[in-house]
Structures are given as C-alpha cells and as structure tokens.
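Here is the structure we will look at, set down as structure tokens.
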Amino acid sequence: MPFSIRPYGPGDLAAMCGIWNEVVRAGDAFPQEEELTPASGAAFFAGQTGCGVAEDAETGAILGLYILHPNNVGRCGHIANASYAVRGDCRGRGVGEALVRDSLSRARGFGFRAMQFNAVVAGNARARALYERIGFRCVGRVEGGFRLPDGRYEDICLYVYPLT
Numbered sequence: 001m002p003f004s005i006r007p008y009g010p011g012d013l014a015a016m017c018g019i020w021n022e023v024v025r026a027g028d029a030f031p032q033e034e035e036l037t038p039a040s041g042a043a044f045f046a047g048q049t050g051c052g053v054a055e056d057a058e059t060g061a062i063l064g065l066y067i068l069h070p071n072n073v074g075r076c077g078h079i080a081n082a083s084y085a086v087r088g089d090c091r092g093r094g095v096g097e098a099l100v101r102d103s104l105s106r107a108r109g110f111g112f113r114a115m116q117f118n119a120v121v122a123g124n125a126r127a128r129a130l131y132e133r134i135g136f137r138c139v140g141r142v143e144g145g146f147r148l149p150d151g152r153y154e155d156i157c158l159y160v161y162p163l164t
C-alpha cells in the first residue's frame, strides 16, 4: 500500500477525528476518555505544534496521524511529545513507523532537542517494539499508571529519543 506523510489540512479533520476516536474507544493506548467532535477536533489539532497524516497514494484516504507539541513549558519546552493513531485496518503495514520517523524530523525542524513519551502502555507491545527499533530508550516505568476500560491498572513506560 503506497502512502505518503504530509502536514494535515482542514479537509482531513473528519478522518483524523475518526481515527483518533477509534483509539480512544479502544481504551488501551491514549489517556483520553472523551471522543473528539468536529469542533473540539478542529481546535485540538490546530492547537498542536504540528500534525501529520499518512495519505493513501491511490485513494487519498487518511490512514493515520500524529500530533506533535512540547512535552512541557518553559525550561523544559525544548523536549517534544507526540501521539500516533493508525486506522485499525491499516496497522502492520509500516504506517506507524513512517509517522514516527516523520514526527522526529519535524520535531528537529521546530528546534526540539529530544522526543519524550510519558505514558506508553506496557502491554502495547507493537508500539514499544517500534519505538525501540527506531532507537528510543525506555528510561522508566510507572507502576499502575494507566487505567484500562475494565478498571484494571497497567504500567506505563517512559521513552526518550535524542534529536541533537
């Protein structure tokens, strides 16, 4: 499946909200519990430092997305954070890896010095394997840091990738 990564545009918002909400509904990767509406989604994506989408080269369909923003403010504002969402029927085809790599490149372009993930769910083996294959280092673990939809708690892992 040939696809390309590009900055998002207004015409992508409905697909982006749908993909984001699919991950939120699954309840096993994002901390958010409320789904995006067209209005809240437009504001959410516009409020990021950058957003990218993976677009199918043949159909123009949006296959996945990322959001990119500072991990913190002020003296810690040089460290980026990102989140990724890939449409369920497109997983395992390299879309996620392409999104991660593009976000790292864009983060460098924005002047960030590192990328930090604060809450990678320990049981999200595919994401963790991808991050580690790219070169992210797991630098810590928070026991019981993520509440699953069934009420159980799972550990979260903190990852860092230097951009300089």
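Here the numbering used here is used: the first residue of the sequence shown is 1, the next is one more, and so on.
For each residue, glycine too, the CB sits at the ideal point set by N, CA and C.
Outcome for V121 when other beta-carbon atoms lying within 10 angstroms are tallied against a minimum of 16: A residue is called buried when at least 16 other Cβ atoms come within 10 angstroms of its Cβ; V121 meets this threshold and is buried.
Nearest by alpha-carbon distance to F30: which of V86, A119 and G96 is it? Selection V86, A119 and G96 evaluated against F30 yields A119 as nearest (Cα-Cα).
In angstroms with no decimal places, state the Cα-to-Cα distance between G47 and R108. Between G47 and R108, the C-alpha separation is close to 19 Å.
Quick check for students: name the residue ranges of the beta strand (DSSP E) that lie wholly in the region 108-157, counting only runs of 3 or more. List check, beta strand (DSSP E) in window: 114-121 and 137-147.
Measure how close the beta-carbons of G18 and G64 come, nearest whole angstrom, since I'm counting them as under 8 Å. Wrong, their Cβ atoms sit about 11 Å apart, outside the cutoff.
How far does the beta strand (DSSP E) with A54 in it reach, from first residue to last? Looking at the DSSP string, the run of the beta strand (DSSP E) that includes A54 is G50 to D56.
Within the present structure, is the beta-carbon of N124 separated from the nearest heavy atom of the ligand GTP by less than 8 Å? The ligand GTP is absent from the structure shown, which contains no ligands of any kind.
Is it buried or exposed, G52, if we count other Cβ atoms within 10 angstroms and call 16 or more buried? So G52 counts as buried.
Applying the criterion that 16 or more other CB atoms from any shown protein chain within 10 Å of the CB defines a buried residue, is R87 buried or exposed? Of the other Cβ atoms in all chains shown, 16 or more fall within 10 Å of the Cβ of R87; this residue is therefore buried.
Pull up the distance between the alpha-carbon of I134 and that of I156, whole angstroms please. When rounded, the distance between both Cα atoms is 19 Å.
Under DSSP, the alpha helix (DSSP H) around A39 begins and ends at which residues? Counting along the chain, the alpha helix (DSSP H) containing A39 begins and ends at P38 to A46.
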